Amino acid sequence: MSHPSLERERLDHLAASPDPRLRGLTYRDPSVPAEVIERLNHDRETFVRGFVAVDARLSPRRVLELFADPDLCGQAAANPHLPVDVMRRIIDDGRELANERPPEGMAVFLGNWDPEKSPA
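Position 85 of the sequence shown, counted from 1, bears residue number 85 in full-length UniProt numbering, the numbering being contiguous throughout.
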């Protein structure tokens with residue numbers, strides 16, 4: 001933690017807060033157990049799951065589950081446990097997009113998306 005007055009007990013307590021903004025801060029304490037991070041990663045609030053999605057205490061399996069969620073794809077892509085083959089796919093997609101100019105009026109969607117479910 002970057003502030004000495006925020007002790008582990010206080011952050012563990014925040015994990016149970018009714019305020020999602022406070023629950024979301026819990027991941028910033030490296031001494032919070034992985035079980036707490038995992039519980040927060042299944043929080044009802046997307047906001048909280050998004051904060052925790054970048055945490056290295058999550059399993060690679062859970063990171064892939066988050067990457068499949070359009071609301072959390074960007075945060076999961078920043079997780080160090082994202083598999084290398086998925087990282088390569090992101091880079092390849094970026095290169096392909098950089099070499100193309102979309103037709104007039106066409107929207108470009110970045111991230112993990114399904115063309116069958118796109119809003120276009």
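Cβ atoms here follow ideal geometry from the backbone N, Cα and C, with glycine treated the same way. Values in this document were obtained by computation on a predicted structure and should not be read as measured data.
Span separating the alpha-carbon of residue i from that of residue j
| i | j | result |
| --- | --- | --- |
| L14 | A98 | 42 Å |
| S59 | H81 | 7 Å |
| R62 | L22 | 22 Å |
| R39 | D19 | 15 Å |
| T46 | Q75 | 11 Å |
| S17 | D43 | 12 Å |
| C73 | L64 | 9 Å |
Residue i Cβ short of 7 Å to the ligand NAP heavy atom set
| i | result |
| --- | --- |
| R62 | The ligand NAP is absent from the structure shown, which contains no ligand whatsoever. |
Residue i classed as buried or exposed, judged by whether at least 16 other C-beta atoms fall within 10 angstroms
| i | result |
| --- | --- |
| A77 | buried |
| R8 | Residue placement at R8 is flagged as unreliable, the pLDDT there being 46, under the threshold of 50; the coordinate-derived value follows with that caveat. Exposed, since its Cβ has fewer than 16 Cβ neighbours within 10 Å. |
| A53 | buried |
| D85 | exposed |
| R49 | buried |
7 Å CB neighbourhood of residue i in its chain, flanking five on each side removed
| i | result |
| --- | --- |
| T26 | L11, L14, A15, V32, V36 and L40 |
| F51 | G24 and Y27 |
Cβ-based neighbour list, residue i, same chain, cut-off 8 Å, excluding 5 preceding and 5 following
| i | result |
| --- | --- |
| S55 | Reading off the sequence, residue 55 comes out as Asp, not Ser. These residues qualify, in order along the chain: Y27, I37, N41 and N79. |
Report yes or no: do the segment 60-75 and the segment 91-99 share at least 3 C-beta pairs separated by less than 8 Å? Contact between the segment 60-75 and the segment 91-99 is absent, with fewer than three C-beta pairs closer than 8 Å.
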